[in-house]
Every structure is written in C-alpha cells, then in structure tokens.
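A short write-up of the structure that comes next.
As structure tokens, this is what we get:
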C-alpha cells in the first residue's frame with residue numbers, strides 16, 4: 014500500500030511518505046489494523062478454548078461449522094471491519110472494549126454463537142488481549158519479514174566473501190598499516206556476527222499471559238473455582254505459538270520484547286559497523302560504485318559518486334536503535350501493578366522495525382553497486398612492506414636470534430621501508446636456509462595467513 018504522490022508529500026513520518034513502499038511488508042502487521050486483527054484473533058481463540066473446557070458447563074463446544082465461522086471473523090477481518098471498531102471506540106473510548114463489542118455485534122444473530130456472547134472477553138483484562146496480540150505481531154514480523162530479510166543480507170555478503178576470499182587487502186589497526194587480510198575474510202567477520210545475532214533473534218522467547226487484572230486469576234476463580242486455571246491458560250498461550258509467562262502483575266512484564274529489541278539492535282549495530290567500514294574502503298578506492306544513469310552525486314561537484322546507500326542505511330539503523338534502546342529500557346518498567354506508559358510506546362514498535370527494514374534495504378542496494386578495485390588494493394600493499402616485520406621477527410624468535418622485536422622496531426618504526434630494504438635485512442639474518450628463503454619470497458600481498466581458508470569455510 015505505497016502512498017500516492019500527494020499523500021506522501023503530506024505524510025508526517027517518512028515511513029508513510031518517502032519510504033512507504035519499502036515497509037509495505039510490515040504495514041499489515043504493525044498498523045492499527047494489524048493490532049485490531051490480532052486482538053480479534055486472541056478474543057476468538059479464547060472463546061473457542063473456553064467452549065472446549067468441560068468445567069464451563071454453561072458454554073457447550075461449538076460445531077465445526079460454527080468454529081469455522083468464528084475463525085473466519087478473525088482471519089478475514091477487513092479494513093472496513095477495523096474501521097467499524099474505531100467507530101465503536103468513539104463511544105466507548107476504549108480500544109479493546111470496542112473489539113469485544115464488534116465481535117458481539119457480528120455474533121448476535123448467529124443461532125449457535127449468539128448465546129455465547131457473554132463469554133467473549135470472559136475474565137479478561139485488556140492487557141490479557143493486548144500482550145498476546147503484540148506477541149503475535151512480533152512473531153509474525155520476525156518469522157515472515159525480519160529473519161528472511163536478514164538471511165538475504167547474509168547470503169549477499171557470503172557471495173561476496175567467497176568471490177573475494179583470496180583477494181589480499183591491507184589491514185588498518187588504529188588507522189595504521191597492519192598485517193594484511195583478504196576482502197573476503199573481512200566480510201566473513203560480518204557474516205559470522207550476523208549469523209550469531211540472527212540465531213539469537215530467532216530463538217528469543219515471546220512470552221504471553223492471560224491471568225486477569227493483577228495476574229492472580231481472581232475473576233476466573235470467582236466464576237469457576239474448580240478449573241485449574243494456570244494449566245488451562247498455559248495451554249491456551251502455547252496454542253498461539255507463544256511462551257507461557259506464569260508470574261505477572263496486570264501486564265506481561267515485556268522482558269521478552271526487550272530481549273527481541275536488543276537482538277535486533279545488535280544486528281543493526283553490526284550493520285552500522287559494516288556501513289562505516291565500506292564507506293571508508295570506498296574513500297580509499299578499494300571499492301568502486303556502479304554509476305546509475307542520470308543520478309547526481311553532488312549538486313556542485315560533477316565528479317562525485319557518493320556512498321549514499323551506506324549513509325542512508327547507517328542513518329536509518331541509528332533511528333531504529335534509538336527506539337529499540339528506549340523499548341528495552343522502558344517497557345519492562347511499570348508502576349505497581351499497572352501503568353499505561355507502555356501502551357503508547359508499544360504502538361511505535363512498527364516505526365523501529367520499519368527503519369531497520371529500510372536500513373537493510375539501503376545496505377543491500379549499496380552492496381549491489383560495489384565492485385572491488387584490485388589495482389588500488391595491490392598498490393597499497395606494495396607500498397607497505399613494513400607489515401612483514403611481524404613475520405620476520407616471529408621467525409627470528411623461533412630460532413632464538415637476539416632481540417628480534419627490538420631489531421624490527423628499529424628498522425621499521427617511522428621509517429620508509431621498501432621491498433629492497435626489507436629483503437636486505439632478511440638476507441643479513443642467520444636463519445636456516447628454508448626459512449630465510451620463505452621470508453625472502455614473502456610479499457605484503459602473500460602475507461595473509463589463513464584468511465582465504467577462513468573466508469571459504471563460512
């Protein structure tokens with residue numbers, strides 16, 4: 014549902030304006046329509062669960078046809094149905110109660126379901142419905158949008174890793190020349206980090222509760238004291254594909270949401286790290302960017318091809334992380350048994366995930382424009398023979414030569430070392446012939462350790 018041009022110009026948020034088309038996958042999940050649909054699903058499934066509990070003698074199990082009609086109300090909820098909920102809410106001034114009234118409105122003329130009206134929202138506080146609804150929304154976003162998009166990013170990076178596994182590149186620790194690596198190995202580091210955090214995101218529990226006004230089943234027990242409500246409610250929450258949260262106040266404590274937000278925030282942080290590194294490598298000339306016809310890099314400097322996709326990605330990941338950090342810090346805190354500060358904050362979940370999604374999209378677009386510049390990589394390596402000092406002094410140590418580190422420090426630190434001076438120094442050393450020959454044959458471009466192997470193994 015991308016915004017039309019005129020609507021986009023008036024959008025307060027870029028998620029509903031400039032970037033609307035990039036977050037369409039999240040719109041059915043985190044929009045108010047998505048929240049209403051999730052609430053209807055929870056209410057419907059709760060009613061079905063109650064009907065199948067033998068201890069609730071006043072509510073008989075529904076026929077398969079009636080159960081199907083009930084589920085169709087949730088599964089087929091339309092935007093028009095959600096608009097009706099909002100219309101009811103204008104009278105109730107309570108969003109969850111409006112959902113309850115919509116369901117009752119739709120069931121009242123059904124011969125089989127109509128008599129069950131007062132078991133809609135039975136023994137529930139609004140937070141029983143809300144916490145399960147948000148948990149379902151987050152699970153849906155995680156399974157169908159976030160993890161698949163992360164996997165696409167990992168696969169794109171892995172392809173680059175394998176393509177450039179053996180391509181040597183000068184490292185820069187503290188911004189100074191350091192032991193060489195390969196382009197593929199540096200990207201492999203990112204792949205490994207993203208895979209680990211992706212597993213954390215996938216494995217984060219999404220708890221839910223449905224235990225009443227202060228978490229003690231007060232209303233449940235008052236009506237049906239002989240039912241084992243904790244067992245019944247745990248079974249119900251599990252049936253929704255969620256994890257059971259047995260101890261709560263009125264609200265589910267949101268620790269699970271905080272954990273999920275922290276996992277996504279770490280993924281975003283890794284992506285920011287990658288964006289900044291690639292930005293730097295573009296500046297050094299290690300990567301070239303494909304030029305798109307008609308695209309302008311600078312309004313005044315015609316030669317520029319700016320790394321705008323990586324900058325766009327970094328900015329959006331930053332916005333997302335500012336929100337994720339707030340969610341993780343704020344949502345687990347609630348005064349006494351309940352305050353409403355979480356209610357308005359939870360409505361911004363979609364905003365955070367929207368900016369994270371835009372960040373991944375921009376990063377993927379930027380990576381797709383890159384091509385390596387082997388000549389520039391080779392030139393930097395050939396100008397940095399001092400990086401072989403590590404190898405030389407390590408071989409000297411093996412064979413017990415005196416003060417190897419200090420000798421190489423005196424030779425290389427702050428000095429203009431080139432191929433000739435390095436090889437002259439190696440030739441002067443009293444080393445076994447094989448080791449000396451191996452050092453003499455070494456170049457900055459060949460001194461990459463196991464980088465290629467490590468890159469190919471990921």
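Numbering (my numbering), first residue to last: 14 to 471. The C-beta atom is built at its ideal place from N, Cα and C for all residues, glycine as well. Computed from a prediction, not measured in an experiment: that's the story for all the values here.
Assign residue i to one of two classes, buried (16 or more other C-beta atoms within 10 Å of its C-beta) or exposed (fewer than that).
i	result
residue 139	buried
residue 252	exposed
residue 177	buried
residue 29	buried
residue 412	exposed
residue 333	buried
residue 8	The requested residue 8 does not occur in the structure, where the chain is confined to residues 14 to 471.
residue 187	exposed
residue 199	buried
residue 388	exposed
residue 70	exposed
residue 76	exposed
residue 346	exposed
residue 379	buried
residue 260	exposed
residue 416	exposed
residue 381	exposed
residue 353	exposed
residue 193	buried
residue 349	exposed
residue 146	buried
residue 222	buried
From the DSSP output, in three-state form, read off residue i for me.
i	result
residue 221	strand
residue 70	coil
residue 35	helix
residue 349	coil
residue 441	coil
residue 258	coil
residue 300	strand
residue 383	strand
residue 250	helix
residue 53	helix
residue 400	helix
residue 410	helix
residue 142	helix
residue 454	helix
residue 231	helix
residue 369	helix
residue 109	helix
residue 318	coil
residue 305	coil
residue 121	coil
residue 428	coil
residue 239	coil
residue 389	helix
residue 266	coil
residue 313	Its pLDDT being 49, under 50, residue 313 is placed unreliably in this model, and the value from its coordinates should be taken loosely. It is coil, neither helix nor strand.
residue 116	helix
For the putative contact between residue i and residue j, defined by C-beta atoms under 8 Å, what is the C-beta separation to the nearest angstrom?
i	j	result
residue 35	residue 371	5 Å
residue 424	residue 436	Actually they are not in contact, since the Cβ atoms of residue 424 and residue 436 sit about 12 Å apart, beyond 8 Å.
residue 195	residue 397	Not confirmed; about 15 Å, so no contact.
residue 73	residue 64	7 Å
residue 159	residue 207	So it is not a contact: roughly 12 Å between Cβ atoms.
residue 393	residue 183	5 Å
residue 8	residue 148	Because the chain in this structure spans residues 14 to 471, residue 8 falls outside the shown range and cannot be described.
residue 285	residue 330	5 Å
residue 170	residue 203	6 Å
The stretch 218-238 touching the stretch 255-275, judged by at least three CB pairs closer than 8 Å: yes
Uninterrupted beta strand (DSSP E) stretches inside the stretch 159-209 (no shorter than 3 residues): 181-186 and 189-195
Cβ contact (3+ pairs, closer than 8 Å) linking the stretch 19-28 and the stretch 102-110: Contact check between the stretch 19-28 and the stretch 102-110: fewer than three CB pairs, one atom from each, fall below 8 Å, which does not count as touching.
Stretch pair the stretch 322-330 + the stretch 237-249: three plus CB contacts closer than 8 Å: Pairwise C-beta distances place the stretch 322-330 out of contact with the stretch 237-249, as fewer than three of them are shorter than 8 Å.
Three or more C-beta pairs below 8 Å linking the stretch 80-89 and the stretch 42-49: no
The stretch 398-407 in contact with the stretch 439-459 per 3-pair CB rule at 8 Å: yes
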